[in-house]
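Counting from 1 along the sequence shown, just add 1 to a position and that's the residue number in this note's numbering. Single-structure report; data block below.
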Amino acid sequence: MSDFHASDGPPRHWLQPRPEGLWCAPGRFFIDPARPVDRAVITHGHSDHARPGNRAVLATEGTLAIMRARLGDGAGGSLEPVAYGERRRIGEVDVTLLPAGHVLGSAQVRLDWRGAVAVVSGDYKRRLDATCAPFEPARCDVFVTEATFGLPVFRHPPDTEEVGRLLHSLRVFPERSHVVGVYALGKCQRVAALLRQAGYDRPIYVHGALAAMCDVYRAHGVDLGELRLATAARPSELKGEIVLAPPSALADRWARRLSDPVAAMASGWMRVRQRARQRQVELPLVISDHADWDELLATIRDVDAPEVWVTHGREEALIHAISAQGRRARALSLVGFEEEGQ
């Protein structure tokens, strides 16, 4: 039994927020559901988007590999991989996954039904990243965009400048370990790749909690150079070295046993000085896996959708700016999205 009417063509009639997540009625599936459902399409592997317990999951192979590494048997009852650009019919809807540029395997979800097209972005960024496929704009009738950094204050500096600041600090303080707080999925691998692009060829030390995701990336052909396990090294071995660690490790006993470490953190939130002070970060690095304010607005222009839905972020300012472009804009109230991978 269908729960939509044949005359309901516009996406706002058949793509709906529910407590479980974003529901596609003619396909009878959820996108990034917040609780277990019968069928899910997953945009990427961060834990606020890829949750355990769904009976059937469709996602890219990269995302499924991440889910298997993180969730084991909880990744889903059946896991269906789909390549970028490959169209799949689910119910009455044609589903195509397009690169989102966020992390390995991240995808936008394009939905085609009865001549109407909606694109659900998931999380995305517009900057080139050697560790994942770049964002691919797609024209559509409705674009569902994130708004993590949806305020004009969030204008991220070039990634090369931020990595240059890290390497400059290493030259100024060659006797100190530089411990960089990074999220396990995406940010860790991206910072490693940026260091390699900047010519840094020494071993990069990684906390044990980051090793599994680095292995997934390398299994998918991402070259991170030589990585060594920091948690197996003596503190004296880490003097003058770059150590990547989970943000929580910056304040725990493991980091305190190092000799006068420089505490750094790579995140878009490091634009907010109070956040850096709260985490006692000496070297804040504004490196984000999300689009900043200018990139959000550029994306809206690129996809050229007459209607834009804004979710999980700073919605009001972005809705106002989109409306100023002559487009319809509204907040899409979805719950359960956190700050992993910012």
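Every residue gets a Cβ at the ideal spot worked out from N, C-alpha and C, and that includes glycine. On a predicted model such as this, the values are computed, not experimentally measured, just so you know.
If I follow the unbroken beta strand (DSSP E) through residue i, where does it start and stop?
i: residue 314; result: 308-314
i: residue 250; result: Counting along the chain, residue 250 falls outside any beta strand (DSSP E), and DSSP gives it neither H nor E.
i: residue 228; result: 228-230
i: residue 146; result: 143-148
Are there 16 or more other CB atoms within 10 angstroms of the CB of residue i, so buried, or fewer, so exposed?
i: residue 176; result: exposed
i: residue 50; result: buried
i: residue 169; result: exposed
i: residue 12; result: buried
i: residue 313; result: buried
i: residue 227; result: exposed
i: residue 198; result: exposed
i: residue 220; result: exposed
May I ask you to report which of helix, strand or coil DSSP gives residue i?
i: residue 298; result: helix
i: residue 215; result: helix
i: residue 123; result: coil
i: residue 97; result: strand
i: residue 326; result: coil
i: residue 278; result: helix
i: residue 332; result: strand
i: residue 42; result: strand
i: residue 220; result: helix
i: residue 161; result: helix
i: residue 304; result: helix
According to DSSP, what are the bridge partners of residue i?
i: residue 79; result: 57
i: residue 25; result: 16, 30
i: residue 182; result: 246, 266
i: residue 286; result: 267
i: residue 205; result: 228
i: residue 91; result: 94
i: residue 111; result: 97, 120
Out of curiosity, what's the CA-to-CA distance linking residue i and residue j?
i: residue 239; j: residue 286; result: 20 Å
i: residue 146; j: residue 278; result: 30 Å
i: residue 101; j: residue 127; result: 8 Å
i: residue 3; j: residue 291; result: In this prediction, residue 3 scores a pLDDT of 42, lower than 50, which makes its location untrustworthy; the coordinate-derived value is nonetheless stated afterwards. Looking at the two C-alpha atoms, the distance is approximately 36 Å.
i: residue 255; j: residue 135; result: 36 Å
i: residue 80; j: residue 324; result: 39 Å
i: residue 276; j: residue 143; result: 34 Å
i: residue 235; j: residue 178; result: 12 Å
i: residue 321; j: residue 180; result: 39 Å
i: residue 1; j: residue 158; result: One cannot answer for residue 1 here, as it falls past the ends of the chain, which runs 2 to 343.
i: residue 119; j: residue 25; result: 10 Å
i: residue 74; j: residue 114; result: 33 Å
I'd like the span of the alpha helix (DSSP H) that includes residue i, first residue to last.
i: residue 67; result: 62-72
i: residue 194; result: 188-198
i: residue 272; result: Neither: residue 272 is in no alpha helix (DSSP H) and is coded neither H nor E.
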